[in-house]
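To start, the structure itself, in structure tokens.
There are 4 protein chains.
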Amino acid sequence: MNDKKTRILKATEKLLAIYGFHGLSMQMVAKEAGVAAGTIYRYFEDKDDLLHQLYDHILNHVANKVTQNVSDDMPLKDRFRTMWLNIWNMANQEDAPLINRGQFENLPRRNGTEQRQMEQKLFAKVNQLFDEGKASGLFKQLDNEILSVLSLEPSACLARKHINGVFRVDETSREAAIDACWDAITQH
Amino acid sequence: MNDKKTRILKATEKLLAIYGFHGLSMQMVAKEAGVAAGTIYRYFEDKDDLLHQLYDHILNHVANKVTQNVSDDMPLKDRFRTMWLNIWNMANQEDAPLINRGQFENLPRRNGTEQRQMEQKLFAKVNQLFDEGKASGLFKQLDNEILSVLSLEPSACLARKHINGVFRVDETSREAAIDACWDAITQH
Amino acid sequence: MNDKKTRILKATEKLLAIYGFHGLSMQMVAKEAGVAAGTIYRYFEDKDDLLHQLYDHILNHVANKVTQNVSDDMPLKDRFRTMWLNIWNMANQEDAPLINRGQFENLPRRNGTEQRQMEQKLFAKVNQLFDEGKASGLFKQLDNEILSVLSLEPSACLARKHINGVFRVDETSREAAIDACWDAITQH
Amino acid sequence: MNDKKTRILKATEKLLAIYGFHGLSMQMVAKEAGVAAGTIYRYFEDKDDLLHQLYDHILNHVANKVTQNVSDDMPLKDRFRTMWLNIWNMANQEDAPLINRGQFENLPRRNGTEQRQMEQKLFAKVNQLFDEGKASGLFKQLDNEILSVLSLEPSACLARKHINGVFRVDETSREAAIDACWDAITQH
DNA sequence: AATGAATGAGCATTCATTCAT
DNA sequence: GATGAATGAATGCTCATTCAT
Chain A
1 MNDKKTRILK ATEKLLAIYG FHGLSMQMVA KEAGVAAGTI YRYFEDKDDL
51 LHQLYDHILN HVANKVTQNV SDDMPLKDRF RTMWLNIWNM ANQEDAPLIN
101 RGQFENLPRR NGTEQRQMEQ KLFAKVNQLF DEGKASGLFK QLDNEILSVL
151 SLEPSACLAR KHINGVFRVD ETSREAAIDA CWDAITQH
Chain B
1 MNDKKTRILK ATEKLLAIYG FHGLSMQMVA KEAGVAAGTI YRYFEDKDDL
51 LHQLYDHILN HVANKVTQNV SDDMPLKDRF RTMWLNIWNM ANQEDAPLIN
101 RGQFENLPRR NGTEQRQMEQ KLFAKVNQLF DEGKASGLFK QLDNEILSVL
151 SLEPSACLAR KHINGVFRVD ETSREAAIDA CWDAITQH
Chain C
1 MNDKKTRILK ATEKLLAIYG FHGLSMQMVA KEAGVAAGTI YRYFEDKDDL
51 LHQLYDHILN HVANKVTQNV SDDMPLKDRF RTMWLNIWNM ANQEDAPLIN
101 RGQFENLPRR NGTEQRQMEQ KLFAKVNQLF DEGKASGLFK QLDNEILSVL
151 SLEPSACLAR KHINGVFRVD ETSREAAIDA CWDAITQH
Chain D
1 MNDKKTRILK ATEKLLAIYG FHGLSMQMVA KEAGVAAGTI YRYFEDKDDL
51 LHQLYDHILN HVANKVTQNV SDDMPLKDRF RTMWLNIWNM ANQEDAPLIN
101 RGQFENLPRR NGTEQRQMEQ KLFAKVNQLF DEGKASGLFK QLDNEILSVL
151 SLEPSACLAR KHINGVFRVD ETSREAAIDA CWDAITQH
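Protein chains in written order, with my numbering: chain A, 1 to 188; chain B, 1 to 188; chain C, 1 to 188; chain D, 1 to 188.
As structure tokens, this is what we get:
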């Protein structure tokens, strides 16, 4: 049943977060999910497929998180700040243990156009933000992907280093970082 | 001889870039390096040690590349631009196949203070740049690590996506991206 | 199934008898037992566990053999003679190839009290023989372990040397040896 | 030089006593002996040969120890008692770490007649004791090997169990055991 | 549909032995 | 003679995958 597939995905995510990529065996997943080893192969072609689907599963979750509490009628800056903080907060939340990237970013992922389109759709609100910003003359005239790397990627990167203890980021610094990211993409 | 150790490191780097972290076996490394499997263990304690040493090896290379052609008497902006491009260019060069990060960043690394200090020293020039910028009132008053994430990390990130074909970055966009990164860390 | 576990134990015993402790590899065991290498690890934690369990398995067999056809109502001397010959005969039988000690005695064995108690119970009849002999004033007042070494150990030792061709022991000599062992433990 | 050969044998004996048969590698022996790995092969054909020669080396030592302080003009019983105690004492002495049998008895040994003859000669005094005892009508008319197993083997066996902590043998018991062994081989 | 015992190729690592110096 | 770096087959063990039930 669908129930089982979900349990397998959840188990995989959990174990991946705990033991990392190396320490993940199909038998462990089976045990954690409460199914037989063979059952996994009824829902997933092989280990790669399991990981691919997990990627999609998590990406979906991420997209929802990133764009939550963001509505079209909010001022651009508010929308940006909300998204930036959504990304920042994700790292601290238990329900998405893999977002402490490193582990997520390096999941094997499919590279077809189909995959690309899906990802586009998931992050439609982000693209909309950048499109509006450019149309209004507020943002620099750069591809959305580049704007994203300049302004949102640092949020994820800082959060990861913060959470991993590489260095601390206090609230004041964090607010300054948000403004700096805003400075990066706006015209001067 | 030292020759063999180097060949083993080079082989590991190459195979890691091709097959990723998993799918890297000691026998593969041996074959690629043109030595016997047992020989690896003459130079490296075990697989972990091989990876640790590779990390240091590459980090050294990276640090040199990043700070090359950067001297203290250049204007801040020039220094910054040079470093940014150094990072960008690294991704395109065959001699450092792992810099298409993702794979490099996730090498297991030692976490002692000793390791941290070594890394600090390697990137002294980067820190100097940020320190001078802040002292002169040109840069925002933020920790060097944060400034680095805001301004240099995007270079690596864009380069990686560029090289992996996620999207194209033409020269004009690249120059605009450099300016945007500069905007991120300077006062307005 | 239990069948497989038994086959693995039998195969181990056989190969141990032929090739000795070293020269016993898990793959050899697997091949001889007609199972895949990995299957062994379904029934035994690791090589040590396999050897431990084999020890128990054989000790059980030995205990049964040694005390077979021995009943409490037989005269002491008859019981002793029967056990002595049971030990002697074991060496000649194909179903217990490791009894040509040397190899058996040096199997790694667990050393917990649990193990000790199990062994005590297995050889209860031997202890009973010695206890009765001492109670009746027929035997010397020595610990059972010492009496055992003086009277039964030589049987195993002679049998081993006989079987290994170190020297021949004809029937007359054997009977004399039994009497000699009896002389060793009885009062004079 | 002869010096090196001796050092290699001593090193082997020591390491064998500490790490057992399994944990003995040629590189360890080389290190302990203070020679290069390759040097071992100048004095010994291969690992087997090293072990064979160690066997002979130790057997020589054992033979000397067993028959020390034994002279032809001592009464039979005194000679016997001395040998019995020589065997018993060997187990406690540091200079022959392998005698705690198990490890020694299971060294691979050559089985040629040549080997047999050498062993005969080493234990000539033991044979002489038994021959005299039989000639005088004091001992049972049994092969020397059998007499040996009945009377001296228990000494080694008890000593081993004593030293390994299987059970304690106090002085009184030990004297009784010597008498019991004497009873085993004498006529009644 | 689901199971889980069985598989066997693959892994990291060791070590007896060789041989150029 | 002596060295010790190099070898590569062999080891104990794991784990993705299959398939009879």
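Glycine included, C-beta positions come from ideal geometry on N, C-alpha and C. If you're wondering where the values come from, they're calculated on a predicted model, not measured in any experiment.
Contact set for residue i: own chain, Cβ-Cβ below 7 Å, skip 5 residues either direction
| i | result |
| --- | --- |
| residue 70/B | 79, 82, 83, 125 |
| residue 52/B | 108, 109, 110 |
| residue 161/C | 167 |
| residue 4/B | 35, 39, 43 |
| residue 122/D | 59, 60, 63 |
| residue 54/B | 9, 12, 13, 107 |
Span separating the alpha-carbon of residue i from that of residue j
| i | j | result |
| --- | --- | --- |
| residue 182/B | residue 184/A | 7 Å |
| residue 64/C | residue 137/D | 40 Å |
| residue 131/B | residue 106/B | 28 Å |
| residue 152/C | residue 188/D | 20 Å |
| residue 90/B | residue 18/B | 17 Å |
| residue 66/A | residue 87/A | 6 Å |
| residue 163/D | residue 155/D | 12 Å |
| residue 144/D | residue 43/B | 58 Å |
| residue 159/C | residue 93/C | 11 Å |
| residue 10/D | residue 112/B | 42 Å |
| residue 172/D | residue 127/C | 21 Å |
| residue 116/C | residue 45/D | 43 Å |
| residue 68/D | residue 20/D | 28 Å |
| residue 41/B | residue 22/D | 21 Å |
| residue 120/B | residue 85/B | 21 Å |
| residue 165/C | residue 114/D | 15 Å |
| residue 170/D | residue 177/D | 10 Å |
| residue 179/A | residue 2/B | 50 Å |
| residue 47/C | residue 50/B | 29 Å |
| residue 72/B | residue 56/B | 26 Å |
Residue i at chain C interface by Cβ criterion, 8 Å
| i | result |
| --- | --- |
| residue 29/D | no |
| residue 71/D | no |
| residue 77/D | no |
Cutoff 8 Å: residue i Cβ touching any chain A Cβ
| i | result |
| --- | --- |
| residue 97/B | no |
Residue-chain proximity (residue i, chain B), Cβ-Cβ < 8 Å
| i | result |
| --- | --- |
| residue 106/A | yes |
| residue 18/A | no |
| residue 140/A | yes |
Min CB distance residue i to chain D below 8 Å
| i | result |
| --- | --- |
| residue 183/C | yes |
| residue 21/C | yes |
Same chain only: Cβ atoms within 8 Å of residue i, ignoring 5 sequence neighbours per side
| i | result |
| --- | --- |
| residue 141/C | 134 |
| residue 24/D | 12, 15, 16 |
| residue 37/A | 26, 27, 30 |
| residue 175/D | none |
| residue 77/B | 182 |
Cutoff 6 Å; reference residue i; Cβ partners in own chain excluding five residues on either side
| i | result |
| --- | --- |
| residue 150/C | 184, 185 |
| residue 147/C | 130, 185 |
| residue 33/B | 7, 8, 11 |
Heavy atom of the ligand SAM within 7 Å of residue i beta-carbon
| i | result |
| --- | --- |
| residue 126/D | Absent from the structure shown: the ligand SAM. Ligands present: none. |
Members of the region 39-64 of chain A that neighbour chain B once the beta carbon cut-off is set at 7 Å: none
Fully enclosed by the region 6-66 of chain C, which beta strand (DSSP E) runs are 3 residues long or longer? none
So if I threshold CB-CB distances at 8 Å, which residues from the region 124-136 of chain D count as touching chain C? none
If the cut-off is 8 Å on Cβ atoms, which residues from the region 144-159 of chain D count as contacting chain C, listed in chain order? 145, 146, 149, 150, 153, 154, 157, 158
Name, going along the chain, the residues of the region 166-180 of chain D whose beta-carbon falls closer than 8 Å to a beta-carbon of chain C. 166, 167, 169, 173, 176, 177, 180
Considering only residues of the region 113-150 of chain B, which uninterrupted beta strand (DSSP E) runs meet the minimum length of 3 residues and lie entirely inside it, listed in chain order? none
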